[in-house]
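At position 67 of the sequence shown the residue is numbered 67 (full-length UniProt numbering), and the sequence of numbers has no breaks. Even for Gly, the Cβ is constructed at its ideal location relative to N, Cα and C. In this text the structure is predicted, and so the values were computed from the model without any measurement. Working notes for the structure below.
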Amino acid sequence: MIVDTQLNQLRSLIDESDAILVGAGAGMSIPAGIDLDDREAFKKNYPAMTQYGFEYGYQLLGYPYQDDKLRWGYLSASLMDSARLGRDETYQNLKTILADKNHFIMTTNVDRLFYKNGFDGDKIYTPQGDSFLFQCKTPCSQEVWDALPLLEEMEQHIDPETQMLTDDKYVPTCPHCGGEVYMNVRSGPFYISKHYEPQHERLNQWLTDIAGKKLLLLEIGVGFNTPGVIRAPFEHLAKQIPNCTLVRINPKDAHGPEGTLSVQQGIKETLSSLVSA
Numbered sequence: 001m002i003v004d005t006q007l008n009q010l011r012s013l014i015d016e017s018d019a020i021l022v023g024a025g026a027g028m029s030i031p032a033g034i035d036l037d038d039r040e041a042f043k044k045n046y047p048a049m050t051q052y053g054f055e056y057g058y059q060l061l062g063y064p065y066q067d068d069k070l071r072w073g074y075l076s077a078s079l080m081d082s083a084r085l086g087r088d089e090t091y092q093n094l095k096t097i098l099a100d101k102n103h104f105i106m107t108t109n110v111d112r113l114f115y116k117n118g119f120d121g122d123k124i125y126t127p128q129g130d131s132f133l134f135q136c137k138t139p140c141s142q143e144v145w146d147a148l149p150l151l152e153e154m155e156q157h158i159d160p161e162t163q164m165l166t167d168d169k170y171v172p173t174c175p176h177c178g179g180e181v182y183m184n185v186r187s188g189p190f191y192i193s194k195h196y197e198p199q200h201e202r203l204n205q206w207l208t209d210i211a212g213k214k215l216l217l218l219e220i221g222v223g224f225n226t227p228g229v230i231r232a233p234f235e236h237l238a239k240q241i242p243n244c245t246l247v248r249i250n251p252k253d254a255h256g257p258e259g260t261l262s263v264q265q266g267i268k269e270t271l272s273s274l275v276s277a
């Protein structure tokens, strides 16, 4: 349980800040139901995958499948499970905390949960992409397109005994070159990111606009999978910007440089405590 002194310190930092930059990692979405380390949920939701030796979702990130029917049988099922997630208490608590604050959100999450929970899309930067967009893996163009209709169709043609698509014709292909497609997420040199540049520009303009003001860096659930995206930049900002404080909420990796408020507690519990404080 978060101790009262630390909770009061965190509440004071939020109240006294002129602006809050949120950096949200995978830990933010765990309470909402996206936990790639959860072995029980994996076994329950994708039992056929255990026959191939898989025990949890992280094992399949970047896995070199030999059969695209298995790749997309699993991916379509797991992505549709994420797509069906609705509003979540932890996200709503963060929204309440930020309601009267000048804020911007930067997240490595590609699950659209900030959007689903009603956060202002003009104040969100998603440098790692969006799982619900497809792109050509070559890529033959800079185009991305809505993946949901294809994912929904694939999900209807999964063999529950093997987790494989029942026919190669359901494997998605590029509408332009007929080549392989993948989610529009940062997973290789083929990643298309140009359409995220306006988000980045809005973030940079926001940082320019708040120059000289008291900035709180509120880092939530960011570990070491991609530390160069949020964790390291936040430490750099905390060091370089006057009147800037870094708060790191993480049940495992809350430590930080001198001056960091390290809240080594559960994210759901911490945000709930802040709202009820």
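Practice problem: Measuring alpha carbon to alpha carbon, tell me which of H103, N93 and Y91 ends up nearest Q205. | Solution: H103
Quiz item: Going by C-alpha distance, which of G259, N184, F224 and V185 is nearest N250?
Solution: Nearest of G259, N184, F224 and V185 to N250, Cα basis: F224.
Quiz item: R248 by DSSP, collapsed to three states: which one?
Solution: strand
Exercise. Please work out which residues of its chain come closer than 7 Å, Cβ to Cβ, to Y65, disregarding the five sequence neighbours upstream and downstream, and give them in chain order.
Key: R71
Practice problem: Identify, in the order they occur along the chain, each residue of the same chain with its Cβ nearer than 7 Å to the Cβ of G62, setting aside the five sequence neighbours on each side. | Solution: Taken in chain order, the residues that qualify are S187.
Self-check item: Span separating the alpha-carbon of P198 from that of E161
Solution: Taking the straight line joining both Cα atoms gives about 44 Å.
Quiz item: Between which two residues does the beta strand (DSSP E) harbouring S82 extend?
Solution: Per DSSP, S82 belongs to no beta strand (DSSP E); it is in the alpha helix (DSSP H), D68 to A83.
Quiz item: Buried or exposed: where does E153 fall if 16 or more other Cβ atoms within 10 Å of its Cβ makes it buried?
Solution: An exposed status is given to E153, since fewer than 16 other beta-carbon atoms sit within 10 Å of its beta-carbon.
Practice problem: Classify Q199 as helix, strand or coil using the three-state DSSP reduction. | Solution: helix
Quiz item: Tell me, which residues are paired with A24 by DSSP?
Solution: T107 and I220
Quiz item: Taking the alpha carbon of D253 as the point to measure from, which residue in L7, I220, C174 and Q6 has its own alpha carbon closest?
Solution: I220
Exercise. Ignore the nearest five residues each way along the sequence and tell me which others in residue 315's own chain have a CB closer than 7 Å to its CB.
Key: Nothing about residue 315 can be reported from this structure: the residues present for the chain run from 1 to 277 only.
Quiz prompt | Host alpha helix (DSSP H) of S12 (start-end) | solution = D4 to E16
Practice problem: Using beta-carbon positions only, say whether A32 and Y91 come within less than 8 Å of one another. | Solution: For the 8 Å CB-CB criterion, A32 and Y91 form a contact.
Quiz item: So what does D35 bridge to, in DSSP terms?
Solution: DSSP, once it has assigned bridges, lists no residue as partnering D35.
Practice problem: State the CB to CB distance for the pair L165 and A147, rounded to an integer number of angstroms; the pair is presumed to be in contact (CB under 8 Å). | Solution: Not really, about 15 Å apart at Cβ, beyond 8 Å.
Quiz item: Who are the Cβ neighbours of E235 in its own chain at under 6 Å, not counting the five residues just before and after it?
Solution: P257, listed in sequence order.
Quiz item: By Cβ distance below 8 Å, which residues in the same chain neighbour I97 in space, the five residues on each side in sequence not counted?
Solution: I14, L271, L274 and V275
Exercise. Kindly indicate the opening and closing residues of the alpha helix (DSSP H) around L151.
Key: L148 to E155
Quiz item: Are the beta-carbon atoms of K101 and S17 separated by less than 8 Å?
Solution: yes
Exercise. Take every Cβ of the segment 133-142, pair it with every Cβ of the segment 170-185, and state whether three or more of those distances are shorter than 8 Å.
Key: yes
Quiz item: Excluding sequence positions up to five away, which residues of its chain have a Cβ less than 6 Å from the Cβ of M183?
Solution: Non-local C-beta neighbours of M183 in its own chain, meaning closer than 6 Å and more than five positions away in sequence, comprise S131, ordered along the chain.
Quiz item: Are the beta-carbon atoms of T108 and A26 separated by less than 8 Å?
Solution: yes
Quiz item: In terms of DSSP beta bridges, what is I158 paired with?
Solution: L165
Quiz item: At what residues does the alpha helix (DSSP H) containing F234 begin and finish?
Solution: Looking at the DSSP string, the run of the alpha helix (DSSP H) that includes F234 is R231 to Q240.
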